[in-house]
Amino acid sequence: MGMGCSVDFKVVGDERGIYYDETSRCVVYLNKHENIEDIYKTIQHEVIHYCISANDVLIDEGQEEKLIFNIQWAEHSIY
Ligand SMILES: [Zn+2]
Numbered sequence: 349m350g351m352g353c354s355v356d357f358k359v360v361g362d363e364r365g366i367y368y369d370e371t372s373r374c375v376v377y378l379n380k381h382e383n384i385e386d387i388y389k390t391i392q393h394e395v396i397h398y399c400i401s402a403n404d405v406l407i408d409e410g411q412e413e414k415l416i417f418n419i420q421w422a423e424h425s426i427y
């Protein structure tokens, strides 16, 4: 495990967020969000990318996005 990740915010960008593995840095683009809850979701999404990477989980990009999607929707899909 490393020293954790950082989360930067930028006002304008083409994506909702991105995670840079080389620097353990998440960037969240505010213009792609509707409200604060939406921003929290993206922060969580990008930080989960960090967690997966920090634990050397052997999955490909498609599996990783699906895993994060399922984690984020778990509260709604389990009950
Ligand atoms: Zn992602």
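Using this note's numbering, you'd call the opening residue of the sequence shown number 349 and step up by one each time.
For every residue, glycine included, the Cβ atom is placed at its ideal position computed from N, Cα and C.
Relative to the alpha-carbon of residue i, which residue among the options has its alpha-carbon at the smallest distance?
{"i": "GLY414", "options": "ILE396, ALA402, ASP404, TYR427", "result": "First, the amino acid is wrong: residue 414 is Lys here, not Gly. Closest option to LYS414, Cα to Cα, is ILE396."}
{"i": "ILE384", "options": "PHE357, HIS424, GLU412", "result": "PHE357"}
{"i": "ALA422", "options": "THR371, SER372, LYS389, TYR377", "result": "LYS389"}
{"i": "HIS381", "options": "GLU363, ASP408, GLU412, PHE417", "result": "GLU363"}
Would residue i pass as a contact of residue j if the rule is Cβ separation under 7 angstroms?
{"i": "GLY352", "j": "GLU394", "result": "no"}
{"i": "VAL428", "j": "CYS374", "result": "The question about residue 428 has no answer, for the chain in this structure spans 349 to 427."}
{"i": "ILE400", "j": "GLU409", "result": "no"}
Apart from the five residues just before and just after residue i, which ones in its own chain have a Cβ nearer than 7 angstroms to its Cβ?
{"i": "MET349", "result": "Confidence in MET349 is poor, its pLDDT being 48 and thus under 50, which makes the residue's placement unreliable; the coordinate value appears in the next sentence. Counting only Cβ-Cβ distances below 7 angstroms, and skipping sequence neighbours, we find ALA402."}
{"i": "GLN392", "result": "GLN420"}
{"i": "THR371", "result": "none"}
Within a Cβ cutoff of 8 angstroms, which residues of the same chain sit near residue i, ignoring the five residues on either side of it in sequence?
{"i": "ASN379", "result": "VAL359, VAL360, GLY361"}
Query raised in the report: Which whole runs of the beta strand (DSSP E) in the segment 354-380 are 3 residues long or more, in chain order?
Result: 354-358, 365-368, 373-377
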